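Visitor: Protein sequence lines, in the order shown, are assigned to chains B and E.
Each step along the first sequence adds one to the number in the working numbering, with nothing skipped, and position 190 is 226.
Each step along the second sequence adds one to the number in the working numbering, with nothing skipped, and position 163 is 199.
Just so it is clear, CB atoms sit at the ideal spot from N, CA and C, and this is done for glycine as well.
The structure displayed is predicted, hence computed values, not measured ones.
I have a structure here, written as structure tokens, and I will follow up with some questions on it.
2 protein chains.
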Amino acid sequence: MTDNESVPISKKTTTEKPAPGRRGELLATAAEVFAEQGYTATTVRRIADAAGLLAGSLYYHFDSKESMLDEILSTFLDELWAGYDSVLAARLGPRETLEALVTESFREIDRHRAAVAIYQREAKDLAGRPRFAYLADSQRRFERAWLGTLERGVADGVFRADLDVRLAYRFVRDTVWVAASWYRPGGAHSPEEIARQYLSMVLDGIAVRT
Amino acid sequence: MTDNESVPISKKTTTEKPAPGRRGELLATAAEVFAEQGYTATTVRRIADAAGLLAGSLYYHFDSKESMLDEILSTFLDELWAGYDSVLAARLGPRETLEALVTESFREIDRHRAAVAIYQREAKDLAGRPRFAYLADSQRRFERAWLGTLERGVADGVFRADLDVRLAYRFVRDTVWVAASWYRPGGAHSPEEIARQYLSMVLDGIAVRT
DNA sequence: ATCCTTCCCTAACAAGTGTTTGGTAGGTTA
DNA sequence: TAACCTACCAAACACTTGTTAGGGAAGGAT
Numbered sequence: 037m038t039d040n041e042s043v044p045i046s047k048k049t050t051t052e053k054p055a056p057g058r059r060g061e062l063l064a065t066a067a068e069v070f071a072e073q074g075y076t077a078t079t080v081r082r083i084a085d086a087a088g089l090l091a092g093s094l095y096y097h098f099d100s101k102e103s104m105l106d107e108i109l110s111t112f113l114d115e116l117w118a119g120y121d122s123v124l125a126a127r128l129g130p131r132e133t134l135e136a137l138v139t140e141s142f143r144e145i146d147r148h149r150a151a152v153a154i155y156q157r158e159a160k161d162l163a164g165r166p167r168f169a170y171l172a173d174s175q176r177r178f179e180r181a182w183l184g185t186l187e188r189g190v191a192d193g194v195f196r197a198d199l200d201v202r203l204a205y206r207f208v209r210d211t212v213w214v215a216a217s218w219y220r221p222g223g224a225h226s227p228e229e230i231a232r233q234y235l236s237m238v239l240d241g242i243a244v245r246t
Numbered sequence: 037m038t039d040n041e042s043v044p045i046s047k048k049t050t051t052e053k054p055a056p057g058r059r060g061e062l063l064a065t066a067a068e069v070f071a072e073q074g075y076t077a078t079t080v081r082r083i084a085d086a087a088g089l090l091a092g093s094l095y096y097h098f099d100s101k102e103s104m105l106d107e108i109l110s111t112f113l114d115e116l117w118a119g120y121d122s123v124l125a126a127r128l129g130p131r132e133t134l135e136a137l138v139t140e141s142f143r144e145i146d147r148h149r150a151a152v153a154i155y156q157r158e159a160k161d162l163a164g165r166p167r168f169a170y171l172a173d174s175q176r177r178f179e180r181a182w183l184g185t186l187e188r189g190v191a192d193g194v195f196r197a198d199l200d201v202r203l204a205y206r207f208v209r210d211t212v213w214v215a216a217s218w219y220r221p222g223g224a225h226s227p228e229e230i231a232r233q234y235l236s237m238v239l240d241g242i243a244v245r246t
């Protein structure tokens, strides 16, 4: 069911974000380890190992293990919503909006692969805690954006009306974001190419038209 | 067609598996907690709490926490492959095989929701450990079944040839199994109904045909 | 009445957890 | 030169983790 392309943890080969200073480097390393092993399964000693320092030294840069996770997720979500908002602000038609959202999503996966993987794994549990309330907020905004686009498309007659819209929403949402679990930046396909193929499947299906 | 293979109705309120005796009850409870919080994040004391006994008492029934996970996953996979194999043995056409596999998958999600969720979350990490080598085996069989069906369909001209088959495989696979993260048995839709709608989207797309 | 099986409890163990404290080497600034 | 800041280490802290050992209550079988 799931792929098993485990990548050995290296010290500095992260293709991740342009990190400002040491703090950013450590965050990128932590994100990589979190994504690979899960948040709770990851010990601060493991992060320190991967970063080349001792566990206690991490606390010079961060308050706690949880605050690392917090900063990783909130940074990602800020950038995600910057992209989404500019798409939504363009007020395109439903189909064009969907296409733009999907493409933007794959670009985010390309840039924040680790953060997306962490989000996928842990968001459901974390959303309950007060500190991570913004995750639940984000989920609601997310649903409004996608579900609204789908409903508008059904009303305009560009999306099929014989489908459960809510089911279609989860379908589209999941198909896009689970890609973070197998996607590796610098692979065979660019984010835009993957988005194009995904959109082709979601919009027109994989069956030959008769 | 409907398998009324006389499954003994347990007196517990869990809609999960038919549990033989106390051991099965405990396994079902553990699966529920694992699915909710993740395996490593779950303490044996938490499982014991949910089951109404003390942590140490679990070790009368099981060797270790890991063996609980093992039994949950292997039991699920055994049943999954029983279903898949009978589908594959029927040697239907590519499209019919795909439909049958998807439908069977949603039935498995319906019956083993917790186990599927655990599998989704942890399989990637576990597959490396020798004890869970069967997870990697299962992944390979899985890929062969789905990818083979898709390739056969392309060769037969029933599936589109202009798509990356490997991408399509991951697309179909993921769309089906991530449903375990939101599906709740006894909800508005039956497994068969969800399968029908998913298949409609995967095969024909969500866009209106022009 | 005795034995045996099933099931659980109490109490502890060693290892690992996130985190704190005090110290220090090296570069930058005053 | 002296003071200061950055980035780290070494060593410990209180706590939680999975797990074990020994014992006992209930009930059916002999």
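Taking one C-beta from the region 102-111 of chain B and one from the region 137-155 of chain B each time, how about it: are there three or more such pairs within less than 8 Å?
Guide: Contact between the region 102-111 of chain B and the region 137-155 of chain B is present, because at least three Cβ pairs lie under 8 Å.
Visitor: For residue 174 (chain B), would you say it is in contact with chain E, using Cβ-to-Cβ distances shorter than 8 Å as the test?
Guide: Taking Cβ atoms only, chain E never reaches closer than 8 Å to residue 174 (chain B), which makes this a no.
Visitor: Under the three-state reduction of DSSP, which class applies to residue 125 (chain E): helix, strand or coil?
Guide: Helix at residue 125 (chain E).
Visitor: Grab me the residues of residue 158 (chain E)'s own chain with a C-beta within less than 7 Å of its C-beta, minus the 5 sequence neighbours each way, in chain order.
Guide: Result list for residue 158 (chain E): 75, in chain order.
Visitor: Flag this pair as yes or no: are the beta carbons of residue 233 (chain B) and residue 210 (chain E) separated by less than 8 Å?
Guide: No, these two residues do not count as a Cβ contact at 8 Å.
Visitor: Note down, in chain order, every chain B residue with its Cβ under 9 Å from the Cβ of residue 236 (chain E).
Guide: Chain B residues near residue 236 (chain E): 196, 198, 199 and 241.
Visitor: Quick one: what does DSSP say residue 159 (chain E) is sitting in, helix, strand or coil?
Guide: It is helical.
Visitor: Report yes if the CB atom of residue 143 (chain B) is closer than 8 Å to the CB atom of residue 227 (chain B), and no otherwise.
Guide: Yes.
Visitor: How about residue 204 (chain E) and residue 240 (chain B): are their beta carbons less than 8 Å apart?
Guide: No; because the gap between Cβ atoms is not below 8 Å, this pair is not in contact.
Visitor: How would you write the range of the alpha helix (DSSP H) that residue 227 (chain E) sits in, first residue to last?
Guide: Per DSSP, residue 227 (chain E) belongs to the alpha helix (DSSP H) from 227-240.
Visitor: Considering only C-alpha positions, which residue in the set E:92, E:126 and E:72 is nearest to residue 80 (chain E)?
Guide: With distances taken between Cα atoms, residue 80 (chain E) lies closest to E:92.
Visitor: Please state whether the Cβ-Cβ distance between residue 235 (chain B) and residue 135 (chain B) is less than 8 Å.
Guide: Yes. Within cutoff.
Visitor: Three Cβ pairs or more, each shorter than 8 Å: is that satisfied between the region 58-68 of chain E and the region 83-103 of chain E?
Guide: Result yes; three or more Cβ-Cβ pairs closer than 8 Å.
Visitor: At a CB-CB cut-off below 9 Å, which residues of chain E make contact with residue 161 (chain B)?
Guide: Those are 72, 73, 74 and 77, listed as they occur along chain E.
Visitor: Among the residues of its own chain, which have a CB less than 6 Å from the CB of residue 168 (chain B), if the five just before and after it don't count?
Guide: So the qualifying residues of the chain are 162.
Visitor: Would you mind reading off the limits of the alpha helix (DSSP H) that contains residue 62 (chain B)?
Guide: Per DSSP, residue 62 (chain B) belongs to the alpha helix (DSSP H) from 57-73.
Visitor: Would a check of beta-carbon distances place residue 244 (chain B) closer than 8 Å to chain E?
Guide: Chain E, which has a Cβ nearer than 8 Å to the Cβ of residue 244 (chain B), makes this yes.
Visitor: With a cut-off of 8 Å on the beta carbons, I'd call residue 145 (chain B) and residue 216 (chain B) a contact; round off their distance for me.
Guide: Their Cβ separation, rounded to whole angstroms, is 5 Å, which keeps residue 145 (chain B) and residue 216 (chain B) in contact under 8 Å.
Visitor: I need the DSSP call for residue 243 (chain E), collapsed to helix, strand or coil.
Guide: Three-state result, residue 243 (chain E): strand.
Visitor: Leaving out the 5 sequence neighbours to the left and right, which residues in its chain are closer than 6 Å to residue 173 (chain E) when beta-carbon positions are compared?
Guide: The answer is none, since no qualifying residue turns up.
Visitor: So residue 207 (chain E) and residue 237 (chain B) are supposed to be a Cβ contact under 8 Å. How far apart are they, rounded?
Guide: About 6 Å separates the two Cβ atoms, so the contact holds.
Visitor: Excluding five sequence neighbours on each side, which residues of the same chain lie with their C-beta closer than 6 Å to the C-beta of residue 197 (chain B)?
Guide: Excluding positions up to five away in sequence, the list reads 190.
Visitor: Between E:193, E:223 and E:99, which has its C-alpha nearest residue 129 (chain E)'s C-alpha?
Guide: Checked all of E:193, E:223 and E:99; the closest Cα to residue 129 (chain E) is E:193.
Visitor: Roughly how many angstroms separate the alpha carbons of residue 214 (chain E) and residue 98 (chain B), rounded to a whole number?
Guide: Rounded to the nearest angstrom, the two C-alpha atoms are 34 Å apart.
Visitor: Here's the rule: buried if 16 or more other CB atoms are within 10 angstroms of the residue's CB, otherwise exposed. What is residue 218 (chain E)?
Guide: Burial call: exposed.
Visitor: For residue 112 (chain E), write down the residues that DSSP places opposite it in a beta bridge.
Guide: In the DSSP output, where bridge partners are listed per residue, residue 112 (chain E) has none listed.
Visitor: Give me the chain E residues within the contact set of residue 65 (chain B), using Cβ-Cβ distance strictly less than 7 Å, ordered along the chain.
Guide: None at all; the shortest Cβ gap to chain E is about 18 Å.
Visitor: Does the beta-carbon distance from residue 138 (chain E) to residue 212 (chain E) come in below 8 Å?
Guide: Yes, they are a contact pair.
Visitor: Going by DSSP in three states, residue 178 (chain E) sits in which element: helix, strand or coil?
Guide: Three-state DSSP puts residue 178 (chain E) in a helix.
Visitor: Measuring only between beta-carbons, confirm whether residue 178 (chain B) sits less than 8 Å from chain E.
Guide: No, because no Cβ of chain E sits closer than 8 Å to the Cβ of residue 178 (chain B).
Visitor: Where residue 147 (chain E) and residue 116 (chain E) are concerned, what is the direct C-alpha to C-alpha distance, given to the nearest angstrom?
Guide: If I take the Cα positions, the gap works out to 10 Å.
Visitor: For residue 52 (chain E), which of helix, strand or coil comes out of DSSP?
Guide: Low per-residue confidence applies at residue 52 (chain E): pLDDT is 38, beneath 50, and the placement is therefore not dependable, though the value from the model is reported in the following sentence. DSSP places residue 52 (chain E) in coil when its eight states are reduced to three.
Visitor: Going by DSSP, which residues form a beta bridge with residue 195 (chain E)?
Guide: According to DSSP, which records beta bridges pairwise, residue 195 (chain E) is partnered with B:243.
Visitor: Thinking C-beta only, is residue 120 (chain B) closer than 8 Å to residue 140 (chain B)?
Guide: For residue 140 (chain B) and residue 120 (chain B), yes; Cβs fall inside 8 Å.
Visitor: Would you tell me roughly how many angstroms separate the C-alpha atoms of residue 60 (chain B) and residue 104 (chain B), rounded to the nearest one?
Guide: Roughly 10 Å between the two C-alpha positions.
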